[in-house]
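Chains as they are written, first to last, in my numbering: chain A, 340 to 562; chain B, 4 to 231. All residues carry an ideal CB built from backbone N, CA and C; glycine is no exception. Since the structure is predicted, the reported quantities are computational estimates derived from the model, not experimental observations.
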Amino acid sequence: MSYLAFLSEHGPTMLLGTVMTIKVLICATLLYVIISVIFGLMRVSKNPIIQGVATGYIEFFRGTSLLVQLFWFYYVLPFFGISLEAFTAGVVAIGMNFGAYGAEIVRGGILAVPKGQWEGAFALNFTPAKRMRKIIIPQIFPIILPPAANLTVELLKATALVALVTVVDLTFEAKQINSITWLSAQCFGTALLIYYIISRFFLVPFLRWLEVLAARKVGKDKI
Amino acid sequence: MNAEWRWDFTFEILPKMLWATLNTIMAAGIGYAIAMVVGLIFLLGQRTPFRVINMINREIVEFIRSTPLLIQLFFVYFVLPQFGITLSAWVCGMITIGLHFGTYLSEVYRGALEGVPKTQWEACRALNFSTIYTYRKIVLPQAFPIAIPGMGNYLVGIFKDTPLLSTIGVAELFHAATAVGGYHYRYLEPYTIVGLIFLTLSIPAAMWIRKIEKDVNLAQGKIKKEKV
Numbered sequence: 340m341s342y343l344a345f346l347s348e349h350g351p352t353m354l355l356g357t358v359m360t361i362k363v364l365i366c367a368t369l370l371y372v373i374i375s376v377i378f379g380l381m382r383v384s385k386n387p388i389i390q391g392v393a394t395g396y397i398e399f400f401r402g403t404s405l406l407v408q409l410f411w412f413y414y415v416l417p418f419f420g421i422s423l424e425a426f427t428a429g430v431v432a433i434g435m436n437f438g439a440y441g442a443e444i445v446r447g448g449i450l451a452v453p454k455g456q457w458e459g460a461f462a463l464n465f466t467p468a469k470r471m472r473k474i475i476i477p478q479i480f481p482i483i484l485p486p487a488a489n490l491t492v493e494l495l496k497a498t499a500l501v502a503l504v505t506v507v508d509l510t511f512e513a514k515q516i517n518s519i520t521w522l523s524a525q526c527f528g529t530a531l532l533i534y535y536i537i538s539r540f541f542l543v544p545f546l547r548w549l550e551v552l553a554a555r556k557v558g559k560d561k562i
Numbered sequence: 004m005n006a007e008w009r010w011d012f013t014f015e016i017l018p019k020m021l022w023a024t025l026n027t028i029m030a031a032g033i034g035y036a037i038a039m040v041v042g043l044i045f046l047l048g049q050r051t052p053f054r055v056i057n058m059i060n061r062e063i064v065e066f067i068r069s070t071p072l073l074i075q076l077f078f079v080y081f082v083l084p085q086f087g088i089t090l091s092a093w094v095c096g097m098i099t100i101g102l103h104f105g106t107y108l109s110e111v112y113r114g115a116l117e118g119v120p121k122t123q124w125e126a127c128r129a130l131n132f133s134t135i136y137t138y139r140k141i142v143l144p145q146a147f148p149i150a151i152p153g154m155g156n157y158l159v160g161i162f163k164d165t166p167l168l169s170t171i172g173v174a175e176l177f178h179a180a181t182a183v184g185g186y187h188y189r190y191l192e193p194y195t196i197v198g199l200i201f202l203t204l205s206i207p208a209a210m211w212i213r214k215i216e217k218d219v220n221l222a223q224g225k226i227k228k229e230k231v
């Protein structure tokens with residue numbers, strides 16, 4: 340069977356899988372951004388309890404493997420009466436795992452804003468909320484976006500793991516087609532190519548655009 | 004299914020799991036050794052003066068870095084036999100992990116080499132040192148400390164990615180947990196034990212790396228201080 344025949348027969352199935360992969364990517368990215376911000380802020384808190392909780396969370400999720408967490412969410416949580424759907428379990432596991440990495444990036448970003456900016460805002464009698472919103476956060480974005488972009492590309496790769504808890508994504512479809520046709524080179528090669536195209540031509544340019552936008556907002560056109 | 008933790012079951016499966024942990028550590032070690040060598044090869048490809056090789060090298064690295072390790076594993080495991088090369092799951096796993104993380108390590112090496120100030124190279128040129136002597140005595144001793152944190156992080160990274168090997172049937176920790184869980188139809192204890200073993204191994208490793216990083220920074224700071 341030629342490659343074109345393979346594509347015309349199994350291409351639509353793979354595209355369906357790709358849509359699911361992108362769904363997982365978007366949901367998990369939203370979740371991980373929210374978690375990173377919350378735990379990043381908790382991590383710089385002066386309250387030792389809040390800081391301790393955040394540190395514990397981060398160490399726990401960075402210390403164990405994502406696959407183990409995924410399987411734990413999917414196979415062990417039902418023991419405690421919490422049955423998650425495969426899709427939910429996948430998104431939650433990936434989001435929480437990457438949230439732990441993201442929290443460290445957010446923490447680094449907050450600490451990297453020069454102290455003079457904090458003091459200036461304080462001297463001008465800004466309220467804490469206004470100080471964060473108007474002074475600190477706009478300056479954090481250009482600092483944290485490049486490492487966050489790397490992390491998001493890693494997240495795209497990590498979405499492949501949800502296939503192992505039976506989410507019907509690109510990897511799952513590739514595996515299925517492989518087990519029917521035994522055309523391994525074609526189906527896994529196509530899957531690799533699709534991941535590469537998503538990352539190289541969609542995800543990375545989008546993230547670069549965000550970086551430029553954030554840099555321009557604080558008057559740095561360096562990128 | 005009840006949520007009660009069963010200690011008798013825990014102690015029954017624990018020895019098996021600990022044995023499998025040895026396999027996990029071995030896989031991580033071998034994979035890392037291969038990755039270090041592969042990283043060097045990619046680094047060479049990056050630094051050769053031929054532009055074509057540079058570009059090809061760059062594309063290969065980009066491709067490997069932006070595709071999932073899981074599918075790469077499947078690709079190597081299922082496709083090589085079609086070309087008459089039949090390798091065991093272990094060998095396939097090690098090759099794939101070595102290739103995947105080799106691309107990351109090549110970036111670490113590159114960053115470390117570029118982290119050595121340019122004036123060092125110029126001074127060596129001025130003193131008429133040979134290229135080999137420059138690398139051996141001047142550049143590499145300075146580049147190595149810069150590379151340590153990145154290299155350490157990827158060692159822990161490989162360790163945490165070894166469970167993926169279970170998908171192609173390498174008998175490591177996660178594979179053992181799935182097997183035991185399937186046999187007794189109880190996943191609570193096996194998967195929790197796997198998580199705990201990973202925690203107890205990777206947190207000290209991360210702390211150790213942080214300590215080395217700090218020592219290296221201190222040592223470098225000291226050198227600077229003496230010079231001033």
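Would you mind stating whether residue i and residue j have Cβ atoms separated by less than 8 angstroms?
{"i": "residue 53 of chain B", "j": "residue 406 of chain A", "result": "no"}
{"i": "residue 491 of chain A", "j": "residue 368 of chain A", "result": "yes"}
{"i": "residue 76 of chain B", "j": "residue 496 of chain A", "result": "no"}
{"i": "residue 1 of chain B", "j": "residue 175 of chain B", "result": "Residue 1 of chain B falls outside the range modelled here, since chain B spans only 4 to 231, and no answer is possible."}
{"i": "residue 161 of chain B", "j": "residue 100 of chain B", "result": "yes"}
{"i": "residue 413 of chain A", "j": "residue 423 of chain A", "result": "yes"}
{"i": "residue 191 of chain B", "j": "residue 8 of chain B", "result": "yes"}
{"i": "residue 45 of chain B", "j": "residue 60 of chain B", "result": "yes"}
{"i": "residue 448 of chain A", "j": "residue 483 of chain A", "result": "yes"}
{"i": "residue 434 of chain A", "j": "residue 378 of chain A", "result": "no"}
{"i": "residue 82 of chain B", "j": "residue 98 of chain B", "result": "no"}
{"i": "residue 411 of chain A", "j": "residue 194 of chain B", "result": "yes"}
{"i": "residue 402 of chain A", "j": "residue 202 of chain B", "result": "yes"}
{"i": "residue 359 of chain A", "j": "residue 507 of chain A", "result": "yes"}
{"i": "residue 112 of chain B", "j": "residue 32 of chain B", "result": "no"}
{"i": "residue 13 of chain B", "j": "residue 503 of chain A", "result": "no"}
{"i": "residue 19 of chain B", "j": "residue 183 of chain B", "result": "yes"}
{"i": "residue 460 of chain A", "j": "residue 472 of chain A", "result": "no"}
When the cut-off is 8 angstroms and only beta carbons count, does residue i lie next to chain A?
{"i": "residue 206 of chain B", "result": "yes"}
{"i": "residue 87 of chain B", "result": "no"}
{"i": "residue 13 of chain B", "result": "no"}
{"i": "residue 197 of chain B", "result": "yes"}
{"i": "residue 152 of chain B", "result": "no"}
{"i": "residue 111 of chain B", "result": "no"}
{"i": "residue 170 of chain B", "result": "yes"}
{"i": "residue 166 of chain B", "result": "yes"}
{"i": "residue 191 of chain B", "result": "yes"}
Taking 8 angstroms as the CB-CB limit, is residue i close to chain B?
{"i": "residue 488 of chain A", "result": "no"}
{"i": "residue 394 of chain A", "result": "no"}
{"i": "residue 539 of chain A", "result": "yes"}
{"i": "residue 530 of chain A", "result": "yes"}
{"i": "residue 362 of chain A", "result": "no"}
{"i": "residue 492 of chain A", "result": "yes"}
{"i": "residue 358 of chain A", "result": "no"}
{"i": "residue 415 of chain A", "result": "yes"}
{"i": "residue 345 of chain A", "result": "no"}
{"i": "residue 437 of chain A", "result": "no"}
{"i": "residue 378 of chain A", "result": "no"}
Out of curiosity, what's the CA-to-CA distance linking residue i and residue j?
{"i": "residue 382 of chain A", "j": "residue 553 of chain A", "result": "24 angstroms"}
{"i": "residue 515 of chain A", "j": "residue 426 of chain A", "result": "18 angstroms"}
{"i": "residue 511 of chain A", "j": "residue 221 of chain B", "result": "49 angstroms"}
{"i": "residue 419 of chain A", "j": "residue 528 of chain A", "result": "40 angstroms"}
{"i": "residue 89 of chain B", "j": "residue 49 of chain B", "result": "31 angstroms"}
{"i": "residue 376 of chain A", "j": "residue 159 of chain B", "result": "25 angstroms"}
{"i": "residue 149 of chain B", "j": "residue 121 of chain B", "result": "15 angstroms"}
{"i": "residue 501 of chain A", "j": "residue 429 of chain A", "result": "5 angstroms"}
{"i": "residue 206 of chain B", "j": "residue 144 of chain B", "result": "28 angstroms"}
{"i": "residue 96 of chain B", "j": "residue 486 of chain A", "result": "28 angstroms"}
{"i": "residue 179 of chain B", "j": "residue 432 of chain A", "result": "21 angstroms"}
{"i": "residue 493 of chain A", "j": "residue 68 of chain B", "result": "9 angstroms"}
{"i": "residue 457 of chain A", "j": "residue 474 of chain A", "result": "8 angstroms"}
{"i": "residue 542 of chain A", "j": "residue 443 of chain A", "result": "22 angstroms"}
{"i": "residue 389 of chain A", "j": "residue 374 of chain A", "result": "14 angstroms"}
{"i": "residue 64 of chain B", "j": "residue 87 of chain B", "result": "26 angstroms"}
{"i": "residue 344 of chain A", "j": "residue 117 of chain B", "result": "48 angstroms"}
{"i": "residue 16 of chain B", "j": "residue 40 of chain B", "result": "37 angstroms"}
{"i": "residue 357 of chain A", "j": "residue 489 of chain A", "result": "21 angstroms"}
{"i": "residue 228 of chain B", "j": "residue 480 of chain A", "result": "Because residue 228 of chain B carries a pLDDT of 45, less than 50, the predicted location of this residue cannot be relied on, and the following value inherits that uncertainty. Straight-line Cα distance between these residues: approximately 35 angstroms."}
Can you find a CB in chain D that lies within less than 8 angstroms of the CB of residue i?
{"i": "residue 427 of chain A", "result": "Absence of chain D from the displayed structure is noted, the protein chains being A and B."}
Fill in: Contact list for the stretch 56 to 76 of chain B against chain A, Cβ threshold 9 angstroms
Residues passing the 9 angstroms Cβ filter: 65, 66, 68, 69, 70, 71, 72, 73, 74, 75.
Item to complete: Compile a chain-ordered list of the residues in the stretch 387 to 413 of chain A whose CB is closer than 8 angstroms to at least one CB of chain B.
Response: Cβ contacts with chain B: 398, 399, 401, 402, 403, 404, 405, 406, 407, 408, 410, 411.
Worksheet entry | Interface residues of the stretch 503 to 535 of chain A facing chain B [CB-CB below 8 angstroms] | If the cut-off is 8 angstroms between Cβ atoms, the stretch 503 to 535 of chain A has 503, 510, 513, 514, 517, 523, 524, 527, 528, 530, 531, 534, 535 near chain B.
Practice prompt. Could you name the residues of the stretch 137 to 163 of chain B whose beta carbon sits closer than 7 angstroms to any beta carbon of chain A, in the order they occur along the chain?
Written response: Hits within the stretch, in order: 163.
Discussion item. Along the stretch 81 to 106 of chain B, where does the CB come closer than 7 angstroms to a CB of chain A? Name the residues.
Written reply: Within the stretch 81 to 106 of chain B, the qualifying residues are 81, 82, 85.
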